[in-house]
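The numbering of the sequence shown is the working numbering, which starts it at 566 and goes up by one.
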Amino acid sequence: MSRARLCFALICVSALIGSTPAIAEAPTWTRASMTAATTYFPVGTSAMIVGVGADARPVANTLVEVLQASDTFELVIDARAIGDVGELSDDEIVKRAFARPIKRVAIVRVFRAGSSVKAVVTVYAAQGQVTTAFTLSPSKPLVENPAPEAAVDGVRRDEMQTVQSTAGTPSSADEVTYKREHVVGLSHYGVVSVESVSFYRNGRLITDTPGLYDALGMTARATDHRNTTENHRKWMVRGGVLNLIGLTGVIGFGTWALVKRDTTDYNTGVVTEASRTVPLALTAGSVGLMIIGTYLIRANPRPANLTNDEAVSLIDAHNAKKRRAARVEPTVHFAPTASQSGAGLVVMGSF
């Protein structure tokens, strides 16, 4: 090979090496940074630690070691017993995990935003509700995670993580979907964990229980709910008027009975005893009006709205029926989101 060709080859190799992007080093999760994690669990409890995804497994393994080293736990195990959970939502993981005799499930998810890496640990009880949550960073101990300078600051954006999931039927004229949003962050009062569920029909937000019944084709229930609500309002007004009249009477006639005094004839010295029969009778009648008003209100209660879990169950059943009719197989996919203020994972599909 000539000298010119050799120089040209060296220049090309140098250019390729210089243009190759640097591979980001994996973050180091140390036991020392997680020692405060024990305070987020009840004393004497049993827990399973679940790392979702390859990035989360080192965090979960280290957290298991930290909790096992503490004498405040009855039992701490990893998630090998429940198999691969990489494609599962938190709800599905919780159901699978609590088939074991444990009292808490801690789900670990790692989110990246540029050069920043954070791990969100969400702790669930056996009923599936979030009991607490905390954020881990590889660069600092858990006890040093920043809190707002004042209570009015709420949750700091740089300490907030959001996980969203959506589910629904294939696109159709009566598509019904729901979206869960789980927000975890640090506030002045400690860790804040909030979950909300929104419901949609054809992309439009459903704001009340009758609207959801209508969207699901349950028109009889929707009509009954609206009629019961209207009936409750009507009797609420009537009962409130009776209570107001009765309260006014009790105050007025009761005061009359109290201030009424015996009279004395100064010429003869004869004392005439004051009769309190009328004011006391009117006071008793006023109390009766209040009792009747209260009874009318309690006899016509407001109809119970669907809870989030009940609504999700109805939508899942509706969607399953539509899938069977349309012969559409369920699908699911994941899409990570990231920004300078935080990161998250969007889970979307048909279930």
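C-beta atoms are modelled at their ideal positions from N, C-alpha and C, and glycine is treated no differently.
Rounded Cβ spacing between residue i and residue j (contact assumed at less than 8 Å)
i: L701; j: M613; result: Rounded, the Cβ-Cβ distance is 17 Å, inconsistent with contact.
i: D643; j: V629; result: 5 Å
i: V682; j: P592; result: 5 Å
i: A822; j: L854; result: About 17 Å; that fails the 8 Å criterion.
i: T603; j: L632; result: 6 Å
i: V617; j: R665; result: About 17 Å separates the two Cβ atoms, so there is no contact after all.
i: V866; j: H797; result: In the sequence on display, residue 866 carries Pro and not Val. Yes, they are in contact, since the Cβ atoms of P866 and H797 sit about 6 Å apart, within 8 Å.
i: G819; j: G850; result: Rounded, the Cβ-Cβ distance is 11 Å, inconsistent with contact.
i: N767; j: E740; result: 6 Å
i: L871; j: L781; result: 10 Å between Cβ atoms; not a contact.
i: D779; j: A787; result: 5 Å
Closest by C-alpha distance to residue i, when choosing among the options
i: L770; options: R791, T788, T742; result: T742
i: E746; options: D643, L879, N873, G804; result: N873
i: A690; options: K744, V682, R674, D656; result: D656
i: R645; options: A662, T637, D636; result: A662
i: A698; options: V877, V762, T637, A671; result: A671
i: T837; options: A846, L845, R826; result: R826
i: T637; options: P666, F606, S654, G616; result: F606
i: A626; options: V685, R596, E652, D789; result: The residue you asked about is not Ala; residue 626 is Asn in the sequence shown. Out of V685, R596, E652, D789, R596 has the C-alpha closest to the C-alpha of N626.
i: I816; options: R791, A787, V852; result: V852
i: A869; options: V608, N792, G811; result: N792
i: V686; options: L707, Q692, I667; result: L707
i: W800; options: T842, V824, S840, R863; result: R863
i: G648; options: R622, A634, T696, K668; result: R622
i: R677; options: L879, A634, A882, D620; result: D620
i: T696; options: V877, P703, V659; result: V659
i: A876; options: G693, V762, Q694, V650; result: V762
i: G693; options: L812, A684, I667, S704; result: I667
i: E652; options: Y765, D779, T848, V615; result: V615
i: L812; options: A780, N832, T848, A684; result: T848
i: K744; options: S654, G609, V608; result: S654
i: R669; options: T610, D881, Y765; result: T610
i: H883; options: V650, M783, T772; result: M783
i: S704; options: L879, W594, N832; result: W594
i: S878; options: V824, F764, T772, V802; result: F764
Strand pairing of residue i, partner residues [DSSP]
i: F663; result: DSSP lists no partner for F663.
i: Y689; result: V670, V695
i: V741; result: R766
i: V824; result: Paired residues: none, contrary to the question.
i: L701; result: A684
i: S761; result: E746
i: V675; result: A684
Point to revise | alpha helix (DSSP H) segments (min. 4 residues) lying fully within the stretch 585-655 | key: 621-634
Check your understanding: What residue ranges within the stretch 769-805 form continuous beta strand (DSSP E) runs of no fewer than 3 residues, ordered along the chain?
Key -> 769-771
Review point. Would you call the stretch 795-808 and the stretch 853-872 touching, i.e. three or more CB-CB distances under 8 Å?
Key: yes
Review point. Can you list, in chain order, the stretches of the alpha helix (DSSP H) that have 4 or more residues and sit fully within the stretch 865-892?
Key: 873-891
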